[in-house]
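Mapping of the sequence shown onto mature numbering (1 follows the signal peptide of the UniProt record, and there is no 0): residues -24 to -1, 1 to 125, in sequence order. Take a look at the structure below.
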Amino acid sequence: MKMKTFSQVFLRTALSVSFLSAVADRFGLWGAPGSKSVSWGNWSNFLEYSNSVNSFASPEVGTLLAYVATALEILLPLLLIIGYKLKWVSLFSGILLVSFAIAMTLSFGLKPPLDYSVFTGAAAAFLLSTIGSCNYSLDNYILAKNKEA
C-alpha cells in the first residue's frame, strides 16, 4: 500500500473513530456517568455540556444544535469509512469541527479547543478533502464502474 493511500485510509479511520467515540459516550456506551474516561455517560449530561458550549444560544437552540451535531457525527464518519463523496464529506467534517472549535472558544476561551485538538482535527479533515481518490473507497469503485460502462 502506498504511503498516500495508507495516510488517507488512516486519516479517514481516525476522524471517523473520533466522531463515533464522542457519540458513543453521549449514549452511555463507554460507561455510566462518572466512570473512568467517560465525559458524559448519557444524553442529559451531554445536552448540558452542549448548552454550555453553545452558551451564546438559547437552551432551545442549544438542544437543536446537540441533535444536529449528533446526527452529523454519526452520518459523516460512516461516509468517511466507506469513502463516499470523500471531498465533500471531509470538507463538511472540517466545517463541523471548526464550528465546534469556534463555539468552544466563544464559551470557554481558546485553550480548550487547543487542548482537545479540535483545530487539528479540522485541519486534518480539510487536508483529507484535497487528497483525491483512494483505491479503498466507494468513490473509486463507482469511478471504475463508470469507466467500464
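By construction, the Cβ of each residue, glycine as well, lies at the ideal position given by its N, Cα and C atoms.
Proximity winner among the options, relative to residue i (alpha-carbon distances)
| i | options | result |
| --- | --- | --- |
| residue 14 | 1, 67, 35 | 1 |
| residue -8 | 24, 50, 11 | 50 |
| residue 31 | 75, -24, 64, 79 | 79 |
| residue -6 | 36, 104, 94, 64 | 94 |
| residue 61 | -3, 115, 76, -20 | 115 |
| residue 105 | 68, 5, 19 | 68 |
| residue 92 | -12, 122, -3 | -3 |
| residue -14 | 119, 53, 75 | 53 |
Rounded C-alpha distance that separates residue i from residue j
| i | j | result |
| --- | --- | --- |
| residue 117 | residue 111 | 8 Å |
| residue 3 | residue 22 | 9 Å |
| residue 102 | residue -18 | 14 Å |
| residue 124 | residue 47 | 35 Å |
| residue -16 | residue 66 | 12 Å |
| residue 35 | residue 63 | 33 Å |
| residue 86 | residue 122 | 47 Å |
| residue 24 | residue 120 | 47 Å |
Close Cβ partners of residue i (< 6 Å) along its chain, the five nearest in sequence each way excluded
| i | result |
| --- | --- |
| residue 70 | 98, 101, 102 |
Coil, strand or helix - residue i by DSSP
| i | result |
| --- | --- |
| residue 61 | coil |
| residue 87 | helix |
| residue 12 | coil |
| residue -11 | helix |
| residue -21 | helix |
| residue 112 | coil |
| residue 125 | coil |
| residue 92 | coil |
| residue 3 | coil |
| residue 33 | coil |
Close Cβ partners of residue i (< 8 Å) along its chain, the five nearest in sequence each way excluded
| i | result |
| --- | --- |
| residue 26 | 38, 39, 41, 42, 45 |
| residue 148 | Since the displayed the chain opens at -24 and closes at 125, residue 148 lies outside it and no answer follows. |
Cut-off 7 Å between Cβ atoms - residues of its own chain near residue i, not counting five sequence neighbours on either side
| i | result |
| --- | --- |
| residue 58 | 114 |
| residue 73 | 94, 97, 98, 101 |
| residue 77 | 89, 94, 95, 98 |
| residue 81 | 89 |
| residue 7 | 14, 17 |
Inter-residue CB distance, residue i and residue j (contact presumed, cutoff 8 Å)
| i | j | result |
| --- | --- | --- |
| residue 107 | residue -21 | 7 Å |
| residue 20 | residue 83 | Wrong, their Cβ atoms sit about 19 Å apart, outside the cutoff. |
| residue 56 | residue 5 | Not confirmed; about 19 Å, so no contact. |
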